[in-house]
Amino acid sequence: MDFNDTPEEAAFREEANGWLSGNAERLEPGERREGPMGGERADLLERAKAWQGVKADAGWACITWPSAYGGRDASSIQNVIWNQEESRYRVPPNMFTIGHGMLGPTIMAHGTDAQKDRYLRPLLRSEELWCQLFSEPDAGSDLAGLRTSAVKDGDDWVVNGQKIWTSGAHYSDFGMIVTRTDPTAVKHAGITYFIVDMKSPGIEIRPIKQISGSSDFNEVFFSDVRIPDTNRVGAVNDGWRGAITTLMNERATLSDQGGYGLGWRDALKLAGEVDWHGRPALEDSWVRQRIADFYVKTKGIEYTNFRSLTALSQGKTPGPENSISKMVGAALRQDLAKFALEMQGAAGVARDPGSTELAGGFQANWLASPGLRLAGGTDEILRNIVAERVLGLPAEARADKGIAFKDIPTRSN
Ligand SMILES: Cc1cc2nc3c(=O)[nH]c(=O)nc-3n(C[C@H](O)[C@H](O)[C@H](O)COP(=O)(O)OP(=O)(O)OC[C@H]3O[C@@H](n4cnc5c(N)ncnc54)[C@H](O)[C@@H]3O)c2cc1C
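Counting in my numbering, the sequence shown runs from 4 upward without gaps.
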């Protein structure tokens, strides 16, 4: 494990900082970075788009993308360095990680030249916004169980079905959708991947109200929606290949999103400020013990991340340790928020950012934390990955292996 920048990495960090300091203000010590969730901040999307445009003009948008599409041909470790430096400035959060980190790279890997020319530059600049239409009511962790169908009709495909949990569908111009095109094949084999214009007739978007009060994701219904064959990404019935590219990039993107949310330092600060049975909470040995536990876990995640960073820095591909960081990190964030709410007593249930401790940050974290334990791989799925790929335990039994999709038993057959 290597904690230091190489001379090249240090030079890149300086270059990134040089540009950032000329174009944005540095966060004050202790100032928290604005997070991407919470659609009630009406101006957030516009500010995020504007910042993306400023970066794109200077060649600092999607820096790992090829320069041919407006990127910088940067390496993965340079991207980590860029994200670390950008998170130290008072700039809007990146609302576009799905498009930039997952869908753009999928078009680059599997799209036609015409698709790359048409879509990638506006995607990079966030002039056109994108959503990921993968999950369905009965297909989440087991994505290959998806049932939304696409049937060829002349030069078009006709799509019927329902997607769910589609982040940003309500403001997206385009989506990338996986559909069932051959139910007689085994489940991974009969899937085709498309780009769909979200303004197409037959698409109905219904926002889902979250516990926080905002609506970041949606249900999306498709009724006889026509998608031209020129929008197909990859070969007919070979869409699983593209879906895997998107999901692999999702893992990398999720493990790359430091800087948001409250940590053990914030819990420590809060413990010095709130009253606990007539004295500052920090004087209580149980409170101190809990904060020490959070510190130890945070350090464990940091050092696990350093293993990935060292691999990246040496030009290697990080292993499944990203799954460990996501699994432990999401649970830690939830535990920390619960602890902070408990310390605040009855005030812990208040949600007014103007009058709650640390601007209601722990309350917001508490409400977002269940979703974080699901998105990008649930706790159980990540445990399966760790069990099978890190610990070498036997693979889970797959009862539907080798069976045509249409013959897999469901609730209705
Ligand atoms: C904030 C947020 C944003 C999202 N954004 C998007 C988006 O933009 N686009 C999109 O397509 N999807 C999105 N999703 C959906 C997300 O990908 C799914 O929630 C996730 O894949 C889990 O699927 P599911 O919700 O259907 O749960 P299921 O897969 O039905 O799982 C239900 C429970 O069963 C457990 N389980 C399932 N399979 C196994 C197994 N083999 N072994 C052990 N336990 C198992 C799970 O861990 C879970 O506890 C988002 C979700 C969240 C929370």
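A virtual CB, placed ideally from N, CA and C, is assigned to each residue, including glycine. Note that the structure is predicted; figures quoted are calculated from it, not measured.
- Of the residues assessed, H280 falls on the exposed side of the cut-off, its CB having fewer than 16 other CB atoms within 10 angstroms.
- Here Q165 carries a strand assignment [DSSP, helix/strand/coil].
- In the DSSP annotation of this structure, the continuous segment of the alpha helix (DSSP H) that includes W54 starts and ends at L47 to A61.
- Comparing C-alpha distances from A61 to each of G25, R35 and G33 shows the shortest one belongs to G25.
- Per DSSP, I327 is one residue of the alpha helix (DSSP H) stretching across E324 to M346.
- As the crow flies, the alpha-carbon of A340 is around 21 Å from that of K212.
- At a threshold of 6 Å, Q337 does not count as near ligand 1, since its beta carbon sits no closer than that to any of the ligand's heavy atoms.
- Taking the Cα positions, Q337 is about 22 Å away from G357.
- 7 Å or more divides the Cβ of L273 from the Cβ of N368.
- Going by DSSP, V83 is part of the alpha helix (DSSP H) stretching over S79 to E89.
- Across the structure, R150 and F225 are spaced so that their CA atoms are roughly 12 Å apart.
- The Cβ atoms of R128 and A59 sit closer than 7 Å to each other.
- Under DSSP, C134 takes part in a beta bridge, and its partners are G178.
- In the displayed model, I230 falls within a strand according to three-state DSSP.
- For R235, the closest alpha carbon among the candidates K319, E34, K155 and V57 is that of K155.
- Contact between F408 and A188 holds, since their C-beta atoms are separated by about 6 Å, short of 8 Å.
- The beta carbons of I384 and S144 sit closer together than 7 Å.
- Short note on S170: C-beta closer than 6 Å to some heavy atom of ligand 1.
- It is roughly 15 Å from the alpha-carbon of L132 to the alpha-carbon of A64.
- Along the length of the stretch 188-238, whole beta strand (DSSP E) runs at least 3 residues long occupy 194-200, 206-210 and 221-231, reported in chain order.
- Looking from the CA of R354, the closest CA among M346, F342 and L370 belongs to L370.
- Annotation for K272: the continuous alpha helix (DSSP H) segment containing it runs W267 to E276.
- DSSP places K319 in the coil class of the three-state scheme, outside both helix and strand.
- Classified as exposed, G395 has fewer than 16 neighbouring CB atoms from the shown chains inside 10 Å of its CB.
- Annotation: the stretch 349-404 contains the following complete segments of the alpha helix (DSSP H) (minimum length 4 residues), in chain order: 364-375 and 382-388.
- For V154, the secondary structure class from DSSP, reduced to helix, strand or coil, is strand.
- Shown here for L123: same chain residues with a beta carbon closer than 8 Å to its own, the five before and five after excluded, namely W68, Y72, G73, G107, I110 and M111 in chain order.
- R36 sits close to S90, with the two beta carbons spaced by under 7 Å.
- In the structure shown, the three-state DSSP call for R282 is strand.
- With a cutoff of 6 Å, F220 counts as near ligand 1, since its C-beta is closer than that to a heavy atom of the ligand.
- When the Cα atoms are used, T307 and G164 turn out to be separated by approximately 41 Å.
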